[in-house]
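A short worksheet on the structure shown next.
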Amino acid sequence: MSARSIVLVVLLIVSGSHQVHAQFIHPKIKSKETTIRRVVVLPAKVNVVRDSMKGPEGMAAESDELSVRVEKMVAEVLSKQKHVTTLPTTPAGTEASTDGDAQQKYNVADFQSKFDELLPKIMKKRSDVKKGRFSMGDEVLNLNLEKGTDAIVFIRGNGKKLTSGKTAMRWLVGGVVPAYLQLQIGIVDARNGEVLLYTDPHFSGDPTTAVDRLRKALEKGFKKLPE
Amino acid sequence: MFPRKLTTLIVAALSVCIVFTSLGPVALAQKKKAPVEATPPPLREEFKFGEVDLEVLEQADLLDARLERDGLVFADESANAYLRRIGKSLIPRELELERVSWRFRILRDPQPNAFALPNGSIYVTTGLMTLIDNESQLAAIIAHELTHVMRRHTYVHNRSNRKKFMTMNVMAAIGAYAPGGIVGAVIMVVTTVAPFIMVATIYGYSRDLEREADLKGIDMMISAEYPPEEMVNVMKLLDKDFEGENIRLFYNDHPSLDERIKYLSGYLGARADKVTPQMELHRERAAYFQNVESVMRHDLQLAVNAGRARSAIYLAQRLVDFHPDSENLFWLAESYRTLGPRAPQLTERELTNSAKKDAAKKSLKRTAEEEERELLATPAGKENWQRHQQMAEDLYRRALNAENPVPVAHRGLGMLYEKLERGSDAAAEYEKYLELSPSASDRARIQRRIETLKEKLK
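Chains as they are written, first to last, in our numbering: chain A, 9 to 235; chain B, 1154 to 1611.
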C-alpha cells in the first residue's frame, strides 16, 4: 500500500468517526448530592451553513429543523440511557393570559441570552465545571417551571455542510474543513442555577441528514452522567 | 497544445487577471462621490431578482420568524405603532418595491443597534431607542436602514461576495497546482496575497454601502421634513462607549464613527438650510420620551440583567430627569446596585483600543461574580461599593415614597441588604415586596431567598 493510500484511509477513518469531546460534571452530581430525574429542555439553537465555492450560505430552514431534531434526541437519549423525564417548559394546567404568555416568552429568551453570555466563559475553561465555578444564579426560578424540575438543559450548536463543488475542492486542493456538527450542551440546576454538566458532542459528516451519528454522539456525550 | 512554459505563463496571467477583474467594480465604487442634490427615493432601478436573491429573501423571512418565536421582538403595540408611523412617514407614498413588505419592529437587546432585512423588516433595538434623544434621531436611524432595503444592498453585497469567494477558491486551486521556477513563485505570491485583498474589498464594499445609506438617509430625512443634522447627532451618541466595547478591528464593515460624523457634517453643510432651534428639540425630546418610556424601562431591565450597569445609569438618569417622581427612580437604583464596586466611568486609558481588547479577553476568563470579588478586595472597589450602595438605597427609598410607590423597590432593598449581610432586614424587605405584589412573576425566587435567609438567622 502506498503512502498516499495510507493517508487517504486514515483521512476516511477520521472523517467518518464520531468524535466526542470531554464531559465535565459538577462535584454535587458525582457525589450524588444532586440527582437529575426531571428536566426541562429549552429550545435548542443550532445553526448550520452551506459552504460553497461562492462562500457560506445560510440554511435557516434546515437549522430550525435540526434544532428541533437535536432537542428531541437529547430528551430521548436522556430518557433511554439515564431514565430522565423531560417536562414541558410551561407547567401543565397553567391558565396563562396573553400578557403572561409574552412574559414567559421573555423570561425564556432572557435566560437563553444569559446562557449565551456564560457559554464562552465555560468553553474557555470547561474543566472548572468540575469545581462548581459556573452558575446562572437563582434567577432560574423566574422561569416558574413545574414543581420537581431538577435541571434545565441548554443546547447550542453550529455545523457546516459542503456543496459538491466544495467537496471536490477539498479532495483536489485540501485545506477545507469537512462537514461537521459541534454541539455545546449545558445542564443547569433548576433551583440555584449551578452548571451541573457541560458536554460538547461532535461528529463529522453532513449535519442535516446524519441521524444515527447524532444519536451516537449524544449517547457518548452523556455517558458520564450518573443514572 | 501549448508548450509547458507558455501554459504556466498563461496561468500566471490568468490569476492576476482574475484578481483585478474582481477588484474593478469595488475600485470604481470607492472613487464615487456622494451626489450633491437630493435624489429621493433612493431606489435601485430595474433590480432583477435572480435565484440567488430569492434564496437570500427566504433566509430573511425565516430570520423574521425566528426572532419572533424566540421572544426577541418587543410586543408593545403602542411602541411598535409609533415606530411604524415614523417609518411610514419616510417612505414615499407611491413607492412599491417588488418583494418588499415594510415591517418595523423593536428588538429586545440592550446593545444600541439597528438593522434591515431585504424583505423590508427594519429592527431597532431597545438599547438604541433608549439611547437616542428624539424622534428625528429615530427617523435618521430608520432612514439609514430604509436605504439599505431600497437600494437592495443585501442582494448587491451578496452577489459581490459570491464573486469574490469564487475568485478566492479558484486562486487557491491554482496555487495548489503551481509549477516550480520563477513563474510558479509568481503564482504562489499572487494566490497567497489574493485572499487578503479579496477580504479587504469585501469589507471596503460594505463600508461603501454604509456610507451610501448614511447620505441617502439624510436626503430622506429632508424629504420627510425631519431636521437632517440629527443624523450627525445620532453618530455622536453612538460614539459614547460606556462599556468599552466599541473595538476597532483590522477589518471593519462600517466606517468609523469619527469618519461618519466627518463626511455627514460635510454633506450636511451643503444641504441643510437651517438648524433646528434648541427649544424645538427640547419639545421634541419630551414628546419622544413620552412615546417610548415603556420601551426605555424594558431596556433598563435588559441592561441590568446583562450587567451593562454604566449604560444603565446614564439611561436611567435621563429617564429620572424626564419623569422624576416615578418608577424611574427604581431603575436608577437598580443600575447603581448592579454597578457595585465598579467605577462609574471608564478612564481614558481604559477606552483605548488596546485596553478594550485586553478587557474583552479578561472578561472571558472570569465571571461577573469573580470580577466583583476581585474589585472588592481593592480600596477603590470598596469605596465605589459603599458609594453606590448608599445611592441605590436612597433611590429605592425615594421610589417607595413616590406619588405612585413602586413595591418592587422593596425587592431591590432586600437584595442590597442581603449583599450587605443584613439578613433580617433583607428578609423583611422581601416579605413586604411579596405582600404588596402577591402575583409577582419572581415570587418563587424571592420566597426561596426568604427561606434561606431565615435558615441562616436561626
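Just so you know, even glycine gets a beta-carbon here, dropped at the ideal spot from N, CA and C.
If you're wondering where the values come from, they're calculated on a predicted model, not measured in any experiment.
Whole-angstrom C-beta distance between residue j and residue i, which should lie under 8 angstroms
i         : j         : result
B:GLY1224 : A:LYS53   : At roughly 12 angstroms, the Cβ-Cβ gap does not stay under 8 angstroms, so B:GLY1224 and A:LYS53 are not in contact.
A:ASP158  : A:ARG46   : 5 angstroms
B:ILE1466 : B:TYR1420 : Between B:TYR1420 and B:ILE1466 the Cβ distance is about 34 angstroms, and since that is not below 8 angstroms, they are no contact.
B:PRO1546 : B:HIS1563 : Note that residue 1546 of chain B corresponds to Glu in the displayed sequence, not to Pro. Wrong, their Cβ atoms sit about 12 angstroms apart, outside the cutoff.
B:ASN1322 : A:MET177  : 6 angstroms
B:TYR1549 : B:LEU1566 : 5 angstroms
A:GLU227  : A:GLN89   : 6 angstroms
B:ASP1206 : B:VAL1448 : Not quite, the Cβ-Cβ distance comes to about 33 angstroms (not below 8 angstroms), so this is no contact.
Minimum Cβ-Cβ distance from residue i to chain A less than 8 angstroms
i         : result
B:GLN1128 : Because chain B spans 1154 through 1611 in this model, residue 1128 of chain B falls outside it and cannot be assessed.
B:ARG1495 : no
B:SER1594 : yes
B:THR1520 : yes
B:MET1319 : yes
B:GLY1567 : no
B:ASN1266 : no
B:ALA1512 : no
B:ARG1598 : yes
B:ASN1233 : no
B:ALA1325 : yes
B:ARG1258 : no
B:ASN1557 : no
B:ARG1219 : yes
B:ALA1579 : no
B:ARG1261 : yes
Cβ pair residue i, residue j closer than 8 angstroms
i         : j         : result
B:ALA1459 : B:ALA1377 : no
A:VAL185  : A:LYS169  : no
B:ASN1444 : B:PRO1494 : no
B:HIS1451 : B:TYR1489 : no
B:ILE1355 : B:ASN1405 : no
A:HIS34   : A:GLY145  : no
B:LEU1434 : B:ASN1287 : yes
B:ARG1364 : B:PRO1430 : no
A:VAL48   : A:ILE163  : no
B:THR1307 : B:VAL1209 : yes
A:PRO209  : A:ALA225  : yes
B:MET1341 : B:GLY1328 : yes
B:GLU1571 : B:ALA1579 : yes
B:ILE1375 : B:ILE1295 : no
A:GLY201  : A:VAL137  : no
B:THR1278 : B:GLN1264 : yes
A:VAL116  : A:THR97   : yes
A:VAL56   : A:PRO64   : no
B:GLU1503 : B:GLY1337 : no
Cβ of residue i within 8 angstroms of any chain B Cβ
i        : result
A:ALA159 : no
A:PRO215 : no
A:ALA104 : Here A:ALA104 scores only 49 on pLDDT, less than 50, and its place in the model is too uncertain to base an answer on.
A:PRO186 : no
A:MET144 : no
A:MET177 : yes
A:GLN111 : yes
A:TYR206 : no
A:ALA68  : yes
A:GLU235 : no
A:ALA198 : no
A:ALA52  : no
A:LYS232 : no
A:ASP220 : no
A:LYS129 : yes
A:VAL57  : no
The segment 1557–1567 of chain B / the segment 1468–1487 of chain B touching (three or more Cβ pairs under 8 angstroms): yes
Which complete beta strand (DSSP E) runs does the segment 75–124 of chain A hold, if anything under 3 residues is left out? Secondary structure remark: continuous beta strand (DSSP E) runs of at least 3 residues inside the segment 75–124 of chain A, in chain order: 93–95.
Of all the alpha helix (DSSP H) runs that stay within the bounds of the segment 1500–1579 of chain B, which reach a length of 4 or more residues? 1506–1518, 1521–1529, 1532–1553 and 1561–1572
Indicate whether the contact test is met: 3 or more Cβ pairs, each with one atom in the segment 1298–1308 of chain B and one in the segment 1267–1284 of chain B, closer than 8 angstroms. yes
Report yes or no: do the segment 172–186 of chain A and the segment 72–87 of chain A share at least 3 C-beta pairs separated by less than 8 angstroms? no
Whether or not the segment 122–139 of chain A and the segment 1230–1237 of chain B are in contact is what I'm after, with contact meaning three or more pairs of Cβ atoms, one per stretch, closer than 8 angstroms; do they touch? no
Quick check: the segment 80–93 of chain A against the segment 130–139 of chain A, are there 3 or more CB pairs under 8 angstroms? Fewer than three Cβ pairs drawn from the segment 80–93 of chain A and the segment 130–139 of chain A lie within less than 8 angstroms of each other, which leaves the two stretches out of contact.
Quick one: which unbroken beta strand (DSSP E) runs of 3-plus residues sit fully inside the segment 1256–1281 of chain B? Chain order, please. DSSP runs (the beta strand (DSSP E)) wholly in the segment 1256–1281 of chain B: 1256–1260, 1267–1269 and 1274–1278.
At 4 residues or longer, and completely inside the segment 1457–1485 of chain B: list those alpha helix (DSSP H) runs for me, N to C. With a minimum length of 4 residues, the continuous alpha helix (DSSP H) runs that stay inside the segment 1457–1485 of chain B are 1462–1475.
Determine contact between the segment 1514–1526 of chain B and the segment 1600–1608 of chain B, defined as no fewer than three beta-carbon pairs at a distance below 8 angstroms. no
What residue ranges within the segment 1269–1340 of chain B form continuous alpha helix (DSSP H) runs of no fewer than 4 residues, ordered along the chain? At a cut-off of 4 residues, the continuous stretches assigned as alpha helix (DSSP H) that sit fully inside the segment 1269–1340 of chain B are 1279–1284, 1288–1303 and 1306–1329.
Identify every run of the beta strand (DSSP E) within the segment 45–74 of chain A, keeping only runs that are complete inside it and at least 3 residues long; order them along the chain. Fully enclosed beta strand (DSSP E) runs of 3 or longer: 46–49, 53–60 and 63–66.
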